[in-house]
Amino acid sequence: MSVRLQTQDFDIGAEIDRLVAGRTDVGAVVTFTGLVRDTAKGEKILDMTLDHYPGMCEAELERIEQEAHRRFSLQGSLIVHRYGTLFAADRIVLVVTLSEHRHEAFAAAEFLMDFLKTRAPFWKRETGADGSGHWVDAREADDEATGRWG
Amino acid sequence: MSVRLQTQDFDIGAEIDRLVAGRTDVGAVVTFTGLVRDTAKGEKILDMTLDHYPGMCEAELERIEQEAHRRFSLQGSLIVHRYGTLFAADRIVLVVTLSEHRHEAFAAAEFLMDFLKTRAPFWKRETGADGSGHWVDAREADDEATGRWG
Amino acid sequence: MKLRYFAWVRERIGRSEEEVEPPAAVTTAGELVLWLKSRDERSDYAFERPEVVRIAIDQLHVKPDARIAGAREIAFFPPMTGG
Amino acid sequence: MKLRYFAWVRERIGRSEEEVEPPAAVTTAGELVLWLKSRDERSDYAFERPEVVRIAIDQLHVKPDARIAGAREIAFFPPMTGG
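See below:
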């Protein structure tokens, strides 16, 4: 279990290798990577800046990760989230889950992302093609996704 | 969309980079990687050999991939499956899905794995610690997992 | 106690943090919001629709009825949009 | 037509492929299995429990009632265990 906040990029293959290193009991590895898209609601985006609440962010992600380990049969997990200014196609977030069997790894990765989206204190500000900045609205679909875990 | 059968290992990070290269509209990348475990049903495993039906394997995986693109809103996908003899912690299979949104990418990756497990003509033969070989039994849980997609 | 503001709540209030000493009658996070609104126009604007602003006491999410007694740090921010 | 065998079906039969010309009365994949079983002991053993053996005609999964007329290649194998 670990959580990292950073401005720099991450290497998905290297992160998996570090998690699995020396283990021969892992059967399934699921990763989710979120990327910056260059359009939002039909509008072109120049860049995106991620604001966050230092301290609470790490604490909340650790709580989410512990809850995932309580609910699912996991052998390991990792959450890496970037902050600062990012551009189209940049990686934003990485979630990795390890389990003996695939359904647990898939469910845990989806659980982590649903809760991260609605509970981790990050806020996105986008710069439109005209140079104007605006804060991204929270999506109702994300609250619904979190709600389905009961 | 692409399908590859090979004896050699694959590089998860490089495969993702190739799929996403030049695109700025992808929001979500999900990967599943299956690894060889060193025990099966409490018995130590020395190695595992994957037999397959050349030709039909590729054709069936392509049909499964097309079905995933019909059911889910995908921007890209990849299936890589190894055959031949593998050892503990070796990578066996990689599935990658790209989508604008995470739920589609997750669902499609799980769909691909469920159908791959029950429809792609691969067969595993394990060598136990005593040197005896035996064919792995199909798991009922895999048929049930495939059944839930209707 | 220390108050912290993030994202557009911070921009509307015009500062990222401040020390406040609310009167004893202010016992919950929701009452603290009402007290801040009554204080100045910028705070009133930041909490224009108090129901959309999220609250954390000592880095834990809370509801507006949470007691603020003993809190070291209370944060106000919009719904999260990470990931 | 060409028959192909995989995994333990191949090991029990003792060969990976063969050319056969079943009699005209054999019209379905299931009937082909019965005809193979009647042919020799090893085939009878391979299809000991015909319901567990999967069948593909020209590289497409089929049920035992599938017609074999015109088939170029018919394969028999255990339930799949890839992934």
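Protein chains in written order, with numbering that gives the first Met the number 0: chain E, 0 to 149; chain P, 0 to 149; chain S, 0 to 82; chain V, 0 to 82. Glycine is no exception: its CB is placed at the ideal position from the N, C-alpha and C atoms. Here the structure is a predicted model, which means the values were calculated and not measured.
In chain E, which residues lie with their C-beta within 7 angstroms of the C-beta of residue i?
i                 : result
methionine 112(P) : Arg101
threonine 6(P)    : The premise fails here: threonine 6(P) is roughly 20 angstroms from chain E at the closest Cβ pair, so nothing lies under 7 angstroms.
Mind pulling the chain S residues with CB within less than 9 angstroms of residue i?
i             : result
lysine 116(E) : Met79, Thr80, Gly81, Gly82
valine 92(E)  : Gly81, Gly82
Report yes if the C-beta distance between residue i and residue j is below 8 angstroms; otherwise report no.
i                    : j                 : result
valine 95(E)         : threonine 30(E)   : yes
glutamate 182(E)     : leucine 93(E)     : One cannot answer for residue 182(E) here, as it falls past the ends of chain E, which runs 0 to 149.
leucine 66(P)        : isoleucine 78(P)  : Just to set this straight, residue 66(P) is glutamate in the shown sequence, not leucine. Not in contact: glutamate 66(P) and isoleucine 78(P) (Cβ atoms no closer than 8 angstroms).
alanine 74(S)        : tyrosine 52(E)    : yes
valine 51(S)         : proline 22(S)     : no
proline 168(S)       : glycine 29(S)     : Residue 168(S) lies beyond the range of chain S shown here (0 to 82); nothing can be said about it.
glycine 26(E)        : glutamate 99(E)   : yes
glutamate 59(E)      : alanine 119(E)    : yes
leucine 85(E)        : valine 35(E)      : yes
alanine 45(S)        : tryptophan 122(E) : no
arginine 101(P)      : methionine 0(E)   : no
glycine 130(E)       : lysine 43(E)      : no
glycine 81(S)        : lysine 116(E)     : yes
threonine 38(P)      : valine 28(E)      : no
phenylalanine 71(P)  : alanine 107(P)    : yes
proline 49(V)        : valine 32(V)      : yes
phenylalanine 9(P)   : glutamate 109(E)  : no
leucine 97(E)        : glycine 132(E)    : no
leucine 2(V)         : glutamate 16(V)   : yes
alanine 65(S)        : threonine 27(S)   : yes
methionine 55(P)     : glutamine 58(V)   : yes
isoleucine 11(E)     : isoleucine 15(P)  : yes
arginine 53(S)       : methionine 0(S)   : no
valine 19(E)         : alanine 88(P)     : yes
phenylalanine 110(S) : valine 8(S)       : Outside the displayed span of chain S (0 to 82) sits residue 110(S), for which this structure offers no information.
arginine 38(S)       : arginine 11(S)    : no
Give the residues of chain E in contact with residue i, contact being defined as C-beta atoms less than 8 angstroms apart.
i               : result
alanine 144(P)  : His102
glutamate 64(P) : Result: empty, since nearest Cβ-Cβ is about 17 angstroms, beyond 8 angstroms.
aspartate 37(P) : Thr23, Asp24
alanine 88(P)   : Val19, Arg22, Thr23, Val25
In this structure, does DSSP put residue i in helix, strand or coil?
i               : result
glutamine 65(E) : helix
glutamate 99(P) : coil
alanine 74(V)   : strand
leucine 49(P)   : strand
arginine 147(E) : coil
leucine 93(E)   : strand
leucine 4(P)    : strand
leucine 2(V)    : strand
leucine 60(E)   : helix
Can you check whether the C-beta of residue i is within less than 8 angstroms of a C-beta belonging to chain A?
i             : result
alanine 55(V) : Protein chains E, P, S and V are contained in the structure displayed, whereas chain A is not.
Can you pull the chain P residues whose beta carbon is under 9 angstroms from the beta carbon of residue i, in chain order?
i                   : result
phenylalanine 46(V) : Under the 9 angstroms cutoff, chain P gives no residues; its nearest Cβ is about 16 angstroms from phenylalanine 46(V).
alanine 74(V)       : Tyr52, Met55, Pro120
List the residues of chain E whose Cβ lies closer than 9 angstroms to the Cβ of residue i, in chain order.
i                  : result
phenylalanine 5(S) : Asp50, His51, Tyr52, Pro120, Trp122
Give the residues of chain V in contact with residue i, contact being defined as C-beta atoms less than 9 angstroms apart.
i                 : result
tryptophan 154(P) : The structure shown has nothing for residue 154(P), since chain P only spans 0 to 149.
alanine 58(P)     : Gln58, Leu59
List, in order along the chain, the chain S residues whose C-beta lies closer than 7 angstroms to that of residue i?
i               : result
histidine 80(E) : Gly81
Note down, in chain order, every chain V residue with its Cβ under 8 angstroms from the Cβ of residue i.
i              : result
glycine 33(P)  : Gly82
alanine 137(P) : Pro77, Pro78, Met79, Thr80
Starting from residue i, find everything on chain P with Cβ-Cβ shorter than 8 angstroms and list it in chain order.
i               : result
aspartate 10(E) : Gly12
threonine 96(E) : The contacting residues do not exist; threonine 96(E) stays about 10 angstroms from chain P at best.
Given that residue i touches chain P, what residues does it touch there, using C-beta distances under 7 angstroms?
i                : result
glutamate 109(E) : Phe105
alanine 126(E)   : It is worth fixing the name first, because residue 126(E) is threonine in this sequence and not alanine. The contacting residues do not exist; threonine 126(E) stays about 15 angstroms from chain P at best.
threonine 84(E)  : Here the premise fails: no neighbours, minimum Cβ distance about 16 angstroms.
For residue i, verify whether its CB is less than 7 angstroms away from any heavy atom of the ligand SAH.
i               : result
glutamate 14(P) : By its list of ligands, the structure shown contains no ligand whatsoever, and the ligand SAH lies outside what it can speak to.
Open item on the list: Report the start-end ranges of each alpha helix (DSSP H) in the segment 4 to 62 of chain V that is 4 residues or longer and not cut off at the edges.
Closed with: Runs of the alpha helix (DSSP H) inside the segment 4 to 62 of chain V: 6 to 12, 28 to 38, 40 to 45.
Task: beta strand (DSSP E) segments (min. 3 residues) lying fully within the segment 101 to 145 of chain P - done: Within the segment 101 to 145 of chain P, the complete beta strand (DSSP E) runs of at least 3 residues are 121 to 127, 132 to 134.
Open item on the list: Just to confirm the assignment: which complete beta strand (DSSP E) runs, minimum length 3, are found wholly within the segment 7 to 39 of chain E?
Closed with: With a minimum length of 3 residues, the continuous beta strand (DSSP E) runs that stay inside the segment 7 to 39 of chain E are 27 to 34.
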